[in-house]
Structure formats: C-alpha cells, structure tokens
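Only one structure is covered here, and it is reproduced in the block below.
Residue numbers (the working numbering): 73 to 382.
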C-alpha cells in the first residue's frame, strides 16, 4: 500500500537483475487509482475486493495472450496473487510473495487502519498516515536501523516524497479499506494453493509474524520461506540478495536455466546470507540447468501479440 509499479521497475532495472531482464518480459499492474498522479476515483466507484482483483488479473493475461506467468507481488499485492494462484493454478507457474499475509486484520490493525483511513479521506496525506505507511513498509526498530545504515534513510526519504507528491490519498484510502476487509486464507492454503510458492520477508519487517503464520499453513512440499537478514523492505534495501534467491527459485521451475553462475545475479550476491531452504533452491537450479538451451529463455514477443488468431 502506498506503492505501485515504480518500485518494481527500479528493482528490475537494478544491475543484479540485468541478466534476468534480458531474458524476461515483465507485466506491471497498478490497481485502480494507485498510479502516479492519479485523479480522484468517482464517488460511486466500487473498489473491488481482493478476490475480484485476483480474477481481473486473468483478463489482463487473456488480453495479452499470455498463457501463464510467474507472479511477483508485495504486501497487499502478494495477497491478491495468492488468491489468483488458488483460483487459476493453470495460469500460474509459480508465485513469489513478499511480506504476504493470509490472515484477516486483527483488532488492533483494524482500528489503527480505520483511523488512518479517516485521516486519508478528510485530511489527505498527513504525518500520522505517513508514519504508519513508513512503518508498514520498512518494519520494526526504524531508529536503530537508521543509525546502522545510511542507505536506509535515503530510501525512506524517497518513499516519503512519493507519498506526498505522487500517490492520491483518497484513492489510497479505498485500497486500504479493501485490504482491511480481506478474508482469511490460512485454513485453505494447504489444500487449495497448488502452485509452487516462495515466501520472502525481511527479518525486520513489521509483519514478519504474519508471514511465518502463512508459511506454517502452506503445503511444505510446494512452498519455501526465505528470510533476508537486517532489512524491513526487501526490494528497496536488499535487491542483490532478493535477486539471487529469485533466480534460484525460477531456475527450480525450469526457467532461466541458461544463466551463468557468474552472472550479474550471482557475482553481487555470493556473500549474502540465505534461508535454510537455499540448498533446496540451489539443487532445483542444478536440476533445471539441463532442461533447456539459452534460446529457450529469450522472450518470444510474438506470443504476446494482441491480434486475433485466424
């Protein structure tokens, strides 16, 4: 919440993602009214619920003639992708879910978010709402983290500037309300989420406990939990570490098998710490390397043609 496609573009453009970018096609999706400098949504506009948004992703894939995807989402967006994966397993080769929660909003979260929503609607982007969104995104012990990392202060300042200058607070309120009213997925994850999933979280994330709760409810043979030490925001604070785990996971799915072990994704990440599941990811990468040739990884733009088939 409070973010859009811009952060994913920054991550994809990071040097550690150079090899992946050359072999992939990324489709970024902004929810209604969440794009930069968006106009106010009409008063009678009914913001869709989380599951309906998940269904809408299929319409996008159909319009672009994309048969299946590897989904990448963060926070509320990750929750939407989890619902998409449950309802359309045939369209999802795998899911990478950052800071995803499967539970409903707790009592404290409910009332806190209600207060923030009221301020966003009546005051606009205000100090209280901004502080909450910063905490929601960057996690616990912010003051301690700022003392330990110069880069932390920079990324927080950039995020605050984006909140104040580019995100429409009235539209953001509607998105927050939708996320606040999400339904619980925990009890059906193991039986209904049949897609391979990599859960990712920063060790300092404000909602780390909810990510662990989701991991505990998932099919252990189809899921992996990766914890990245010392950060609250994985994409902005640890792009090299995340890119390293992303490539291992995707190679385990049989894609990007031609990437060299000394490529951009690896040489910058060789000294990073990984989760206890990293050995499984590495084994999957080794198994998949023989599955395809380099040409297999190069995106075929013709497959995305919007022209109707004869």
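Think of the CB as a built atom: it goes at the ideal place given N, C-alpha and C, for glycine as much as any other residue.
Are there 16 or more other CB atoms within 10 angstroms of the CB of residue i, so buried, or fewer, so exposed?
| i | result |
| --- | --- |
| residue 303 | buried |
| residue 81 | exposed |
| residue 93 | exposed |
| residue 241 | buried |
| residue 309 | buried |
| residue 118 | exposed |
| residue 116 | exposed |
| residue 288 | exposed |
Roughly how many whole angstroms lie between the Cα atoms of residue i and residue j?
| i | j | result |
| --- | --- | --- |
| residue 122 | residue 163 | 18 Å |
| residue 311 | residue 299 | 13 Å |
| residue 293 | residue 146 | 22 Å |
| residue 126 | residue 87 | 31 Å |
| residue 96 | residue 150 | 20 Å |
| residue 255 | residue 142 | 24 Å |
| residue 131 | residue 316 | 31 Å |
| residue 128 | residue 282 | 26 Å |
| residue 152 | residue 168 | 12 Å |
| residue 336 | residue 319 | 11 Å |
| residue 330 | residue 154 | 28 Å |
| residue 338 | residue 271 | 20 Å |
| residue 261 | residue 172 | 13 Å |
| residue 253 | residue 144 | 22 Å |
| residue 307 | residue 84 | 10 Å |
| residue 245 | residue 78 | 19 Å |
| residue 105 | residue 76 | 10 Å |
| residue 267 | residue 326 | 14 Å |
| residue 301 | residue 274 | 6 Å |
| residue 278 | residue 239 | 22 Å |
| residue 179 | residue 89 | Any reading at residue 179 must be qualified, since the residue scores a pLDDT of 43, below 50, and its modelled position is unreliable; the value itself is stated next. Their backbone Cα atoms lie some 40 Å apart in a straight line. |
| residue 430 | residue 110 | This structure cannot settle anything about residue 430, because the visible part of the chain is limited to 73 through 382. |
| residue 112 | residue 103 | 13 Å |
| residue 259 | residue 158 | 13 Å |
| residue 265 | residue 161 | 8 Å |
| residue 290 | residue 135 | 31 Å |
| residue 138 | residue 114 | 31 Å |
| residue 176 | residue 333 | 41 Å |
At what residues does the beta strand (DSSP E) containing residue i begin and finish?
| i | result |
| --- | --- |
| residue 168 | 164 to 170 |
Determine the DSSP secondary structure at residue i, reduced to helix, strand or coil.
| i | result |
| --- | --- |
| residue 346 | The pLDDT assigned to residue 346 is 46, lower than 50, so where the model puts this residue is not dependable; a value taken from the coordinates is nonetheless given after this. Of the three classes helix, strand and coil, the one that applies to residue 346 here is coil, per DSSP. |
| residue 290 | coil |
| residue 144 | strand |
| residue 295 | strand |
| residue 116 | coil |
| residue 264 | helix |
| residue 249 | helix |
| residue 91 | helix |
| residue 306 | helix |
| residue 161 | helix |
Spell out the partners DSSP gives residue i in its beta bridges.
| i | result |
| --- | --- |
| residue 300 | 274 |
| residue 269 | 167 and 295 |
Over what stretch of residues does the alpha helix (DSSP H) that includes residue i continue unbroken?
| i | result |
| --- | --- |
| residue 335 | No alpha helix (DSSP H) contains residue 335, which DSSP labels as neither H nor E. |
| residue 101 | No alpha helix (DSSP H) contains residue 101, which DSSP labels as neither H nor E. |
| residue 78 | 77 to 84 |
| residue 311 | 311 to 324 |
| residue 127 | 122 to 135 |
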